[in-house]
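Respectively, the protein sequence lines represent chains A and B.
Okay, so the first sequence: first residue is 1 according to full-length UniProt numbering, each after it adds one.
Okay, so the second sequence: first residue is 1 according to full-length UniProt numbering, each after it adds one.
Number of protein chains: 2
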Amino acid sequence: MTAINMLRLDNSNPDFERDLQQRLAWDASDDLDIHQRVLEIIANVRKSGDQALIDYSNRFDRTDFKAAAELELSPAALKQAWDSLPEAQAQALQTAAERVRSYAEHQKMQSWQFTEADGTVLGQKVTPLDKAGLYVPGGKASYPSSVLMNAIPAKVAGVGELIMVVPTPDGETNAMVLAAAYIAGVDRVFTIGGAQAVAALAYGTETIPAVDKIVGPGNIYVATAKKLVFGQVGIDMIAGPSEILIICDGQTNPDWIAMDLFSQAEHDENAQSILISDNAEFLDQVEASINKLLPDMERADIIRASMTGRGAFIKVNNLSEATEVANRIAPEHLELSVADPEALAAQIRNAGAIFMGRYTAEALGDYCAGPNHVLPTSSTARYSSPLGVYDFQKRSSLINCSAAGASELGKIASVLARGESLTAHARSAEYRI
Amino acid sequence: MTAINMLRLDNSNPDFERDLQQRLAWDASDDLDIHQRVLEIIANVRKSGDQALIDYSNRFDRTDFKAAAELELSPAALKQAWDSLPEAQAQALQTAAERVRSYAEHQKMQSWQFTEADGTVLGQKVTPLDKAGLYVPGGKASYPSSVLMNAIPAKVAGVGELIMVVPTPDGETNAMVLAAAYIAGVDRVFTIGGAQAVAALAYGTETIPAVDKIVGPGNIYVATAKKLVFGQVGIDMIAGPSEILIICDGQTNPDWIAMDLFSQAEHDENAQSILISDNAEFLDQVEASINKLLPDMERADIIRASMTGRGAFIKVNNLSEATEVANRIAPEHLELSVADPEALAAQIRNAGAIFMGRYTAEALGDYCAGPNHVLPTSSTARYSSPLGVYDFQKRSSLINCSAAGASELGKIASVLARGESLTAHARSAEYRI
């Protein structure tokens, strides 16, 4: 095998900004052909309901469904999946679920209100969504950790009914995924997938209840369907390829850093692993570790493609410059593998999750540290947040004017409404003066 | 003029659900022709920068810009607009701004963290957006109240730079809009509009800085441009027609209720005003008030079109049923014009803003009560919230594992990662055991 030579960038190079942007560039443009096929699937599900789901599943997932009742997994089937899990897996899943739940509890928004001197009450009422839908991919990309990360915040928020859909290609189910659904408290599970499952959750069928929001990862058909039903229902983010940015002062074991970079790179060929250091020699050491460790990796081909196609090593003059580069990149995962991670974290504004210190491998956050592993990608951490309990809650403003309050506010509203030539607004306010 | 006969629905009618859905239906489907033209404008702005902005403005807004420097309004111009405002308007604007700011302060999210027994620290860091863009329509639809409602939450959040764009059709500016920008603390104002202004804010030009999120109302070109740049930047909601739902026990002056319905209807012909009552006679009284008051309204034609085309009166058996209908409609504005609004509000799950009691006209909320007037429309209150400070903040997860913590978590992560066949994840975690 030829050795990997990482792309090297240096922020003191005048072309650095251009070269960095080129490396970060990610074309997420829509495929019009897929768009058209998904529109058709949505229209069919809206028209034919359960029958469309049965037909699409039998065709795409090679299942043999005959009646809509077969589309739902019984609660007993979920419990059985949990009961039959090997002890080590059950314990790991349980501990992970408990930690995710415990962290999520801190995110729960509360209603508030206050009373003004004249008796007028203002506030904000927080309520959970009535119903949420959780998409879980089938087959090889089916991750129990993802079930925990999406389902637990919904349940902590108090969502009335959490409905999971997961396809069963060739009729096969994934026991660990069903076990995760069981301990996360998913209310109902249907064995459908693809764009047709998204359409069913958005619009409802005879058997599948319509939900208020759909979350969870999926392939390009699922992502396209989510975009197309947005408005009819809420959706979570549309995820791009996974990313890690590591800032290291050169004092961490280079094997650890190489493996941390691999842990993103193994996701897929478009995943992006970037290392920033003020120590050029350390960058060489990590490259040597990469080439030493790669041959042993199960997903060596994917890692190689990702590291050479989208990875980068960036040399900076000092760690403060490294934080500025990180803020511009706004990575999904940011590892601060340095002696004083608090000092650097204070300078970070844009990142999905910040992993502080040499011991905090990003992989710990993927499974069991507690914070959510569903994070903003492709620089969207500049304006968006990790998936959380707040994504399953909404706010309503509360306004309760006393007679005295309405009289005072009515005068102000009248002036401003007339300034905007909205006289019905003005007269409605003036009635209360 | 022919009298208005409001569409009457009754929730004890077996066809009620179907008839209600028919009345609520709103086709927000994209216009492909507009889509195409907007894509072209965005591409041109990305390619030609300032020159494209100058050309489009001169063509669409009939301005006479020659150089990019002319696109920015000076801080002195904003101050002058404020200084020259008539006293009554200045005072009304100032009080409204103070009340909006005071309410918004309650929404500000704070960072938090906690330490576990083994020294591991978990938390969530909250930061404001670096830069935000505010679109303000020009001409007749230019509302100073909208400037306050969009700009103040951004400034309370601590956004680094708030950049407003407002077109100047035929070179005309709106003094009250500029005065509102002045007291809201907008940092820079550019006199551009349309899809080209959205493109400039999303991608930046030589003169216009690229922002992280774009908020504010606009016509179909602006809304389409916002949808198309989403991902490159964040956007607020895409607003549908304005809506009010009033639940009344029949004891409020029917003229007040009629005028409250008008205050939405006057926005545009697609606005939706619905009244629910358990008192059929009261519905007749409000209809009589509508026909009595309509001829005097400045926007009588718009109100008539809206009330007859999209309005409705719904008769229910009791007020508890009324709240269930309201939850299904999930209105932008909900007025509880009843003796005990707290009792009804407790049953409401889906509404953008709840106006409680006979004195709390919705119009007070539009201008000066304090809560934001940018609210979820078209039933999206089922899963989304009023615009608020939180829309200009974002969260980053914090994870700082102690050596002991990483060792324990590493074991769990290893089991789960191997269960998902992600061995680089497993080995990265195992290094820390």
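Ideal Cβ positions, reconstructed from N, Cα and C, are used throughout, including at glycine.
Report the option in N279(B), A239(B), N291(B), A300(B) whose CA atom is closest to the CA atom of E269(B).
On the second sequence, position 269 is the one that residue 269(B) refers to. A check of alpha carbon separations from E269(B) across N279(B), A239(B), N291(B), A300(B) identifies A300(B) as the nearest.
In whole angstroms, what is the alpha-carbon distance linking V165(A) and L134(A)?
By one-based count along the first sequence, residue 165(A) stands at place 165. By one-based count along the first sequence, residue 134(A) stands at place 134. Roughly 6 Å separates the two Cα atoms.
So, is the C-beta of C248(B) closer than 7 Å to a C-beta in chain A?
Looking up residue 248(B) in the second sequence gives position 248. Taking CB atoms only, C248(B) has no neighbour in chain A less than 7 Å away.
Out of A363(A), W82(A), Y367(A), D212(A), which one is the CA nearest neighbour of Q264(A)?
Numbered from 1 along the first sequence, position 264 holds the residue referred to as residue 264(A). The candidate whose alpha carbon is nearest that of Q264(A) is A363(A).
For C368(B), which residues of its own chain have a beta-carbon under 7 Å away from its beta-carbon, when the five flanking residues on both sides are left out?
Position 368 of the second sequence, counted from the first residue, corresponds to residue 368(B). So the qualifying residues of the chain are T95, A96, R99.
Roughly how many angstroms separate the alpha carbons of E206(A) and K108(A), rounded to a whole number?
Stepping through the first sequence from its first residue, residue 206(A) is reached at position 206. Stepping through the first sequence from its first residue, residue 108(A) is reached at position 108. Going from the Cα of E206(A) to the Cα of K108(A) covers about 33 Å.
Coil, strand or helix - H267(B) by DSSP:
For this step, residue 267(B) is matched to residue 267 along the second sequence. Note: H267(B) maps to coil in three-state DSSP.
Give the straight-line distance between the Cα atoms of Q113(A) and L334(B), rounded to the nearest whole angstrom.
Here residue 113(A) refers to the residue found at position 113 of the first sequence. Here residue 334(B) refers to the residue found at position 334 of the second sequence. Those two C-alpha atoms are separated by around 18 Å.
When we look at the beta-carbon of L32(B) and count the other beta-carbons within 10 Å, is it buried (16 or more) or exposed?
For the purposes of this step, residue 32(B) is taken as the residue at position 32 of the second sequence. Result: exposed.
T168(A) burial status per 10 Å Cβ neighbour count (16 or more: buried)
Residue 168(A) sits at position 168 when you count from the first residue of the first sequence. Around the beta carbon of T168(A), 16 or more other beta carbons sit within 10 angstroms, so the residue counts as buried.
With 16 as the cutoff for other CB atoms within 10 Å, does G171(A) come out buried or exposed?
The sequence position of residue 171(A) within the first sequence is 171, counting from 1. Residue burial is scored here from C-beta neighbours: G171(A) has fewer than 16 other C-beta atoms within 10 angstroms and is therefore classed as exposed.
Would a check of beta-carbon distances place Q89(A) closer than 7 Å to chain B?
The count along the first sequence starts at 1 and reaches residue 89(A) at position 89. At a cut-off of 7 Å, the C-beta of Q89(A) has a neighbouring C-beta in chain B.
Is T423(B) closer than 7 Å to E243(A) when the C-beta atoms are compared?
Along the first sequence, one-based indexing puts residue 243(A) at 243. Along the second sequence, one-based indexing puts residue 423(B) at 423. In this structure, the beta-carbon distance from E243(A) to T423(B) does not fall below 7 Å.
Quick check: the region 394–410 of chain B against the region 115–125 of chain B, are there 3 or more CB pairs under 8 Å?
The count of Cβ pairs closer than 8 Å, one atom from the region 394–410 of chain B and one from the region 115–125 of chain B, reaches three, so the stretches are in contact.
Does the region 270–279 of chain A touch the region 314–325 of chain A, meaning 3 or more C-beta pairs lie closer than 8 Å?
Output reads yes: the region 270–279 of chain A touches the region 314–325 of chain A.
DSSP three-state call for W82(A): helix, strand or coil?
Position 82 of the first sequence, counting from 1, holds the residue named residue 82(A). In the three-state scheme derived from DSSP, where H, G and I count as helix and E and B as strand, W82(A) is classed as helix.
Counting only Cβ pairs nearer than 9 Å, list the residues of chain A close to T127(B).
Numbered from its first residue, the second sequence carries residue 127(B) at position 127. Near T127(B) (Cβ distances below 9 Å), the residues of chain A are I348, R349, N350.
Assign A132(B) to one of three DSSP states: helix, strand, or coil.
Locating residue 132(B) in the second sequence gives position 132, counting from the first residue. A132(B) falls in the strand class under three-state DSSP.
Any beta-carbon of chain A closer than 7 Å to the one on V415(B)?
For the purposes of this step, residue 415(B) is taken as the residue at position 415 of the second sequence. Nearest CB-CB separation between V415(B) and chain A: below the 7 Å threshold.
Between K226(A) and chain B, is any beta-carbon pair separated by less than 7 Å?
For this step, residue 226(A) is matched to residue 226 along the first sequence. Not a single C-beta of chain B is nearer than 7 Å to the C-beta of K226(A).
Three-state secondary structure (DSSP) of G234(B)
For this step, residue 234(B) is matched to residue 234 along the second sequence. Here G234(B) sits in strand by DSSP.
Leaving out five residues before and five after P331(B) in sequence, what residues of the same chain have Cβ atoms less than 6 Å from its Cβ?
Indexing the second sequence from 1 puts residue 331(B) at position 331. These residues qualify, in order along the chain: E243, L245, A351.
Could you please give me the residues that DSSP links to H35(B) through a beta bridge?
For the purposes of this step, residue 35(B) is taken as the residue at position 35 of the second sequence. DSSP, once it has assigned bridges, lists no residue as partnering H35(B).
Residue closest to Y56(A), alpha-carbon to alpha-carbon, out of I220(A), N253(A), A199(A), Q393(A)
Reading the first sequence from its first residue, position 56 is the one you call residue 56(A). For Y56(A), the closest C-alpha among the options I220(A), N253(A), A199(A), Q393(A) is that of A199(A).
When V389(B), E321(B), I303(B), V136(B) are compared against V177(B), the one with the closest alpha-carbon:
Taking the first residue of the second sequence as position 1, residue 177(B) is located at position 177. Among V389(B), E321(B), I303(B), V136(B), the Cα nearest to that of V177(B) belongs to V136(B).
Which residue from G204(B), F282(B), N291(B) puts its Cα closest to that of T308(B)?
Translated into positions along the second sequence, residue 308(B) becomes position 308. Among G204(B), F282(B), N291(B), the Cα nearest to that of T308(B) belongs to N291(B).
Can you find the residues in the same chain that come closer than 6 Å, C-beta to C-beta, to A322(B), ignoring five residues on each side of it along the sequence?
Along the second sequence, read from residue 1 onward, the residue named residue 322(B) stands at position 322. I247, I276, V316.
State whether the region 150–166 of chain A contacts the region 178–196 of chain A, with contact taken as three or more CB pairs (one from each stretch) at a distance under 8 Å.
A contact exists between the region 150–166 of chain A and the region 178–196 of chain A.
Flag this pair as yes or no: are the beta carbons of N174(A) and S145(A) separated by less than 7 Å?
By 1-based counting over the first sequence, the position of residue 174(A) is 174. By 1-based counting over the first sequence, the position of residue 145(A) is 145. Contact: no.
For I235(A), which residues from the same chain have a beta carbon less than 6 Å from its beta carbon, with the 5 sequence-adjacent residues on both sides left out?
For the purposes of this step, residue 235(A) is taken as residue 235 along the first sequence, with counting starting at 1. Shown here for I235(A): same chain residues with a beta carbon closer than 6 Å to its own, the five before and five after excluded, namely I214, K226 in chain order.
DSSP state of K66(A), grouped into three classes?
Along the first sequence, read from residue 1 onward, the residue named residue 66(A) stands at position 66. In the three-state reduction of the DSSP assignment, K66(A) falls in the coil class, being assigned neither a helical nor a strand state.
With H, G and I counted as helix, E and B as strand and the rest as coil, what does DSSP make of G123(B)?
Indexing the second sequence from 1 puts residue 123(B) at position 123. DSSP places G123(B) in strand when its eight states are reduced to three.
Rounding to the nearest angstrom, what Cα-Cα distance links G410(B) and V325(A) in this structure?
Indexing the second sequence from 1 puts residue 410(B) at position 410. Indexing the first sequence from 1 puts residue 325(A) at position 325. About 29 Å.
Counting only C-beta atoms, is K155(A) closer than 7 Å to chain B at any point?
Taking the first residue of the first sequence as position 1, residue 155(A) is located at position 155. Not closer than 7 Å to any Cβ of chain B, the Cβ of K155(A) fails to qualify, so no.
By Cβ distance below 6 Å, which residues in the same chain neighbour I303(A) in space, the five residues on each side in sequence not counted?
The residue labelled residue 303(A) in the question sits at position 303 within the first sequence. So the list reads F262, A265, E266, M297, once near-sequence residues are dropped.
Rounded to the nearest angstrom, what separates S289(B) and I183(A) at their Cα positions?
Locating residue 289(B) in the second sequence gives position 289, where the first residue counts as 1. Locating residue 183(A) in the first sequence gives position 183, where the first residue counts as 1. Whole-angstrom Cα-Cα distance: 58 Å.
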